[in-house]
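Heads up, the thing below is written out as structure tokens.
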Amino acid sequence: MGRYGNIDYPTVTKRAFLFGVSLFLIGVIGEVVGQTFFAPLPAWEQTLLVGAEGVGVLVALVAPIVFGVVLPLTE
Numbered sequence: 000m001g002r003y004g005n006i007d008y009p010t011v012t013k014r015a016f017l018f019g020v021s022l023f024l025i026g027v028i029g030e031v032v033g034q035t036f037f038a039p040l041p042a043w044e045q046t047l048l049v050g051a052e053g054v055g056v057l058v059a060l061v062a063p064i065v066f067g068v069v070l071p072l073t074e
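Residue numbers (numbering that gives the first Met the number 0): 0 to 74.
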């Protein structure tokens, strides 16, 4: 048994990356659809969607490094 239990790193890496991409796409699609159909979005919705885009990009970039490189090397 490894240091962090029995973690399947390739699966966790793929799922975390897809989660980040999903957050980004939800933010982009929500912003485009919101601006197209509902004219000016309220400030809180705009902030939420931009935040989802930013967190999605961050998760998609950091997750493969953490779960695909760093944690397997520390086993």
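Cβ coordinates follow ideal geometry from the N, Cα and C atoms, glycine included.
Keep in mind it's a predicted model, so treat the numbers as computed, not measured.
For residue 16, which residues in the same chain have their Cβ closer than 7 Å to its Cβ, ignoring the five residues on either side in sequence? Excluding positions up to five away in sequence, the list reads 59, 62 and 63.
Rounded distance between the beta-carbons of residue 24 and residue 54, thought under 8 Å: Between residue 24 and residue 54 the Cβ distance is about 12 Å, and since that is not below 8 Å, they are no contact.
State buried or exposed for residue 12, treating a residue as buried only when at least 16 other CB atoms are found within 10 Å of its CB. Burial call: buried.
Closest residue to residue 29 among 18, 20 and 47 (Cα-Cα distance): If we check each option's Cα against that of residue 29, 47 comes out closest.
In chain order, what residues of the same chain have a beta carbon less than 7 Å from the beta carbon of residue 27, not counting five sequence neighbours either side? So the list reads 52, once near-sequence residues are dropped.
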